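Here the structure is laid out as structure tokens; the discussion comes afterwards.
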Amino acid sequence: MSETTPAKILLVEDNSDLREVAMYLLESFGYTVVAVADGQAALAAFNDRRPDLVMADITMPGIDGISLAGLIRKHPSGADMPIVLMSGRSSRAEMQQGLASGADEYVIKPFDPEKLQQMLAGLIGRPHHSGLISTSAASTPPTSAPQLPTAPHDSESLASANILFVEDDLNIRETASDLLSLTGANVLAVGCGREASQVLATTRIDLIISDLIMPNGDGRWLLHHVRSSPNLRHIKFIILSALTLAKDIDPTMLEGADTYITKPFDPDTLLKTVSDFLRSPSRETARELPTSDAI
């Protein structure tokens, strides 16, 4: 029986939050992931790391995904390279342009994890590739698909919980909502504090996760609205922001929040924190949550 190593995916995404979530999903599928933020870095990684599939965002500064696909196809090692282009827009013209540049697939963000897993397994499972790359002369495809990611705790007990996720960036909102659904809870996502207040007026919410800087009711406004309302003040509240506690935030802005997570967030940390908060019997006092390298 030959030894095997995971297939390697080169992930190219300029949005740091989406890059972290995509890495989390791809690694949970069993792949090794090399992640870069732009097309120039992708070309260098392609030469140095020899991936088995390239997965690139279309809209990036400098070398965009469509141009990157064309350059890879002209590379001596890129003629048969599986290439997947990602986009937040469902544009037929963009899709046709991407496929014409040499891409094999075009996926719309946020992508469905199960469908993405199946698509990648099919592309890497072509005759010139396999889901697992054998270190012996003969290469064999995987006998079973990798398991989809799961929450860090049993999700059945969270099936009745409701999470309100507030984020003005559509891509982050939809991708993070898919990630949070792995806890087993119901996720409601809106784009600003005012929309969140309308949801709170009609729906029981157990946990709010909110960006700090947003138009039409930012995270600070929403936090004050929740804590000043007798019917809402019990709800646990997590602030999620690209601002760093040490440099950019006045501590008074976070008064009343249960914890603060810096973007780009670590998916495992976010899932564990959310699961723990939903299971806690009462709202915890505010505290800072350490993150991997953002603070």
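Every letter in the sequence shown is one number past the one before it in the numbering used here, and letter 18, counting from 1, is 5. Where a beta carbon is used, it is the ideal one built from N, C-alpha and C, also for glycine. In this text, all values refer to a predicted model and were calculated from it rather than measured experimentally.
Among the options, nearest to residue i - alpha-carbon criterion
i	options	result
L5	S262, V261 and P251	P251
T170	L110, K259, I95 and R207	K259
Y93	R79, M73, A80 and Q84	M73
L145	L(-3), V261 and D1	V261
I45	L187, L199, T162 and E0	E0
E7	S197, T162 and L230	T162
I53	S64, Q27, R37 and D35	Q27
T(-9)	I150, G17, F152 and A87	G17
F33	I111, E14, A172 and L58	L58
N158	I95, R37, L103 and S15	I95
I70	M82, G89, S64 and Q84	G89
A223	G109, F152 and N203	Residue 223 is actually Lys in this sequence, not Ala. Answer by Cα proximity: F152.
L107	L257, R220 and T19	T19
Collapsed DSSP secondary structure at residue i in the structure displayed
i	result
F152	strand
S168	helix
S78	coil
H140	Here H140 scores only 45 on pLDDT, less than 50, and its place in the model should not be relied on; the value that follows carries that caveat. In this structure, H140 counts as coil in the three-state DSSP scheme.
P133	At P133, the pLDDT of 42 sits below 50, so the modelled position is not reliable and the matter cannot be decided from this model.
E271	At E271 the pLDDT is 43, less than 50, meaning the model places this residue with poor confidence; the figure from the coordinates comes in the next sentence. DSSP places E271 in coil when its eight states are reduced to three.
I(-4)	strand
Y93	strand
First through last residue of the beta strand (DSSP E) which encompasses residue i
i	result
P(-7)	T(-9) to P(-7)
Where the alpha helix (DSSP H) through residue i begins and ends
i	result
K102	P100 to I111
Cβ-Cβ separation, residue j to residue i (assumed contact under 8 Å), whole Å
i	j	result
A(-6)	L40	7 Å
A43	A29	7 Å
D165	P97	5 Å
S168	V174	5 Å
D193	A148	5 Å
P100	L12	6 Å
I226	S197	6 Å
M48	D25	One detail in the question is off: residue 48 reads as Pro in this sequence, not Met. Correct: roughly 6 Å between the Cβ atoms.
L195	V213	According to the sequence displayed, residue 195 carries Ile and not Leu. Between V213 and I195 the Cβ distance is about 7 Å, and since that is below 8 Å, they are a contact.
A183	I150	That pair is no contact at about 12 Å.
Please give me, in chain order, every unbroken run of the beta strand (DSSP E) with length at least 3 that falls completely inside the region 174 to 255. Runs of the beta strand (DSSP E) spanning 3 or more residues and lying entirely within the region 174 to 255 occur at 194 to 198, 223 to 228 and 246 to 249, in chain order.
At 3 residues or longer, what runs of the beta strand (DSSP E) sit wholly inside the region -1 to 70? 19 to 23 and 40 to 44
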